[in-house]
Each structure stands twice: as C-alpha cells, then as structure tokens.
C-alpha cells in the first residue's frame with residue numbers, strides 16, 4: 007500500500023511550480039529544484055497566493071509554506087517517494103536529467119514525467135530500470151483542473167502505474183490511465199477542435215462568434231479564449247507534434263500570431279486583447295449570422311478524434327473516455343461526455359455529417375474507421 011509523504015519536483019516553471027504548490031497544499035513535504043534560486047522564487051510567490059486563497063488563516067498558510075522547500079542542489083531526490091520531472095519539452099534534456107536523478111533515487115520511488123507530448127519510449131532509453139518511468143500529465147491551472155493523465159505503455163511496470171495512481175488520489179486528483187500515444191487523450195482530442203476554431207477565425211468569422219457557438223453547445227469556455235488562455239505558443243507546439251505523428255496541418259494563422267509575439271493572455275494579446283487578464287470581446291457586426299456548420303466543424307473534428315482514440319484503445323473503455331473529457335476539457339457536462347453525445351445524436355447521423363464536411367472542406371473531416379463499428383460498440387457497452 008503506497009502512501010507517499012515526500013515529493014521532489016524538478017522544474018519550477020508554471021507547471022512544475024504549481025504541481026509542487028498543490029502537493030504542499032495537500033499536506034505533502036515538497037522539494038522544488040531548478041538551476042537557481044531566482045528561477046524558483048516566482049513559483050514560491052505563486053504558491054503563497056494559492057495557500058492564502060485556500061486556507062485564509064495565517065497558521066495553515068505558514069504550515070503549507072514550510073512544507074515547500076526551494077532545493078537548488080536537488081538534495082530532496084534521495085528522500086522522495088515520488089520524483090516529478092517538469093522541465094521543457096525536449097527529449098534529450100529530459101533523458102540527461104534522468105541519468106542524474108535515477109542513481110540517487112530510492113529503489114521504490116516513482117519517477118514521473120509531466121510531458122504533454124513526448125512518448126515514454128523516447129524518454130526511458132537511458133534508464134537502468136526503464137520500466138520505472140511513468141507519465142503524470144497535469145493540466146493548467148493545476149489547482150483547478152481535477153484530471154491527471156497516468157501515462158503508461160507495455161514497458162511500464164504495473165506496480166509503478168499503481169503507485170502513480172495512488173499518489174494522484176493522495177493529492178485529491180482524478181487519475182485517468184492512458185496509453186503513451188502522441189498527445190495522450192485530452193490534448194489529442196482537444197487540438198483538432200482548437201485548430202478548427204483558428205481556421206474559422208482565419209476565414210473571417212469573429213472570434214467572439216466562434217466562442218459563442220461553442221458555449222451555446224455547452225462548453226464552459228470557447229475554443230479561441232481557451233487557446234489564448236493555454237498560450238498560443240503552447241498550442242502551436244502541441245499542434246506541430248501531433249501533426250508530425252498523426253498527420254494533418256497546423257493553420258498558418260496560428261504560427262503568424264506566435265511569430266508576432268501575440269501569445270494570448272500571458273502576453274496581453276492573442277486572438278483577443280486582454281485588460282487585467284480578461285478578454286476584450288468586440289461586439290459582433292450588425293446583422294451577423296454565423297454559418298450553419300460552424301458548431302459542427304468544431305465539435306465533429308473533436309468527436310472524430312474521440313472515435314479514433316477509442317479504436318486505438320488510448321483509454322480502456324468508453325466511460326473513462328467520457329469522464330476524462332468532461333473533467334479534462336469541460337466537454338459540455340450536461341451531454342454526459344462525447345461518446346454519450348454520439349449515442350444520443352446517433353453515430354450514423356454524425357458519420358454522414360462528417361462525410362458532407364469532408365466534401366466541402368477537405369480530408370481533415372474524413373471519418374475515422376472507428377465510426378463503422380461504433381454503433382455496435384455503444385450498444386454492447388450498456
């Protein structure tokens with residue numbers, strides 16, 4: 007029975023710093039490592055704000071601060087039950103870090119990567135015990151997003167997956183086991199939806215109209231505002247990795263914005279301009295009526311990817327996929343998740359709509375082979 011008490015996080019950027027803060031807030035002893043104290047300082051500041059919001063009173067705030075230790079020299083590695091790597095997305099940099107960490111780790115400690123896009127097999131090659139590497143993919147903002155993808159492949163030790171799952175529950179998060187395929191589950195399904203929204207804006211649909219249609223469908227936030235929130239540079243990076251593995255194209259419009267330094271909310275301007283962190287949404291032109299197929303174009307690209315993920319067994323079953331999408335992306339909760347939505351509308355109907363969109367807009371709407379078995383699949387699940 008794995009009861010983690012100490013966590014060591016390497017990488018004090020937004021993700022690493024916020025993972026460390028969240029673990030400390032949940033009562034674990036945390037050491038946070040980066041190349042210098044200056045790099046760790048902003049993360050400690052953000053952690054203090056989180057603790058003040060959560061605990062309100064000075065004593066528990068101070069107790070949480072005491073549990074979060076800056077650790078430039080990485081002394082916490084030897085004592086940690088879980089070591090989480092959260093450095094930038096570069097396979098070589100990650101591998102050389104593991105070569106430093108592994109000899110100093112306890113034999114039963116979990117070595118986890120927070121990579122959002124690199125398959126585990128590319129990362130574990132230098133490890134003495136390759137089966138110990140597991141993915142713990144958190145979502146931004148860590149304190150709000152309940153889902154953590156537990157990434158594993160054939161080479162990952164089942165006991166390690168069990169420990170990673172226990173750790174995720176210990177910090178009050180929902181573990182979703184996924185296969186180590188490009189983009190895992192959530193990013194892979196979300197990306198076509200975001201990119202289609204970008205394409206619509208490029209065609210001249212106002213961003214506020216695109217977002218309005220998605221919110222009307224039941225999304226908590228429109229895809230354009232979501233892309234701005236995530237960061238257009240990150241969307242571009244993940245989009246390019248997925249395109250290189252799975253085919254498809256990243257809209258040139260997205261690359262242009264990133265090259266201009268318009269990265270979204272963090273830079274003050276992306277698709278929207280931001281005032282005090284809130285998007286300024288211009289009123290829609292008088293008499294503007296969105297085309298009939300705007301919602302279909304966004305949602306069906308997402309559903310097509312859902313069907314592909316099910317066919318490829320990225321997750322074990324339909325219920326996990328639906329839960330993951332509702333908690334990981336906020337997929338219209340009242341629709342019960344994308345597969346439940348497909349069942350409600352009818353797989354045949356949606357398949358036909360995809361065929362029509364493929365005729366009108368090209369091969370990115372080509373229905374996945376999984377649609378043909380889906381009618382039988384959802385029937386068997388009941």
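Residue numbers (our numbering): 7 to 388. C-beta: ideal position from N, C-alpha, C; glycine also.
Nearest by alpha-carbon distance to residue 357: which of 265, 380, 336 and 346 is it? Comparing Cα positions, the closest option is 380.
Which residues in the same chain as residue 256 place their Cβ atom closer than 6 Å to its Cβ, once the five residues preceding and following it in sequence are excluded? Hits under 6 Å: 245, 246 and 249.
Status (buried if at least 16 other CB within 10 Å, exposed otherwise) for residue 226: Residue 226 should be labelled exposed.
Just list the residues that DSSP pairs residue 260 with in beta bridges. The partner list for residue 260 (beta bridge, DSSP) is empty, contrary to what the question assumes.
Can you grab the Cα-Cα spacing for the pair residue 62 / residue 78, in whole Å? Residue 78 has its alpha-carbon roughly 29 Å from the corresponding atom of residue 62.
Kindly confirm or deny that the stretch 26-44 and the stretch 69-76 touch, where touching means at least three C-beta pairs closer than 8 Å. At 8 Å Cβ cutoff, the stretches touch.
Mapping DSSP to helix, strand and coil, what is residue 295? In this structure, DSSP gives residue 295 a state outside helix and strand, which the three-state scheme calls coil.
Among 107, 262 and 373, whose alpha-carbon lies nearest the alpha-carbon of residue 133? Looking at the Cα atoms, 107 is the closest of the given residues.
Do we get a CB-CB distance below 9 Å when we pair residue 195 with the residues of chain B? Among the chains of the structure shown, chain B does not appear; only one protein chain is present.
Please name the residue in 64, 85 and 216 whose C-alpha comes closest to that of residue 113. Across the set 64, 85 and 216, the C-alpha of 85 shows the shortest separation from the C-alpha of residue 113.
Return the chain-ordered list of same chain residues with a C-beta closer than 7 Å to the C-beta of residue 57, the five sequence neighbours on each side being excluded. Here the set comprises 31, 67, 70 and 71.
Same chain only: Cβ atoms within 6 Å of residue 280, ignoring 5 sequence neighbours per side: Closer than 6 Å at Cβ, skipping near neighbours: 271 and 274.
Just tell me which of 105, 103, 98 and 117 has its CA closest to the CA of residue 124. Minimum Cα distance to residue 124 is reached at 98.
Out of 19, 168 and 9, which one is the CA nearest neighbour of residue 139? The option with the nearest alpha carbon to residue 139 is 168.
Can you have a look at residue 186 and say buried or exposed, based on whether 16 or more other CB atoms are within 10 angstroms of its CB? Looking at its Cβ environment, which holds 16 or more other Cβ atoms inside 10 Å, residue 186 is buried.
Span separating the alpha-carbon of residue 307 from that of residue 253: Answer to the nearest angstrom: the Cα atoms are 14 Å apart.
Scan the stretch 308-351 and note each continuous alpha helix (DSSP H) run of 4 residues or more that stays entirely inside, going in chain order. Listed in chain order, they are 324-335 and 344-351.
Provide the residue span of the alpha helix (DSSP H) that contains residue 171, from first to last. Taken as a continuous stretch (DSSP letters only), the alpha helix (DSSP H) holding residue 171 covers 164-176.
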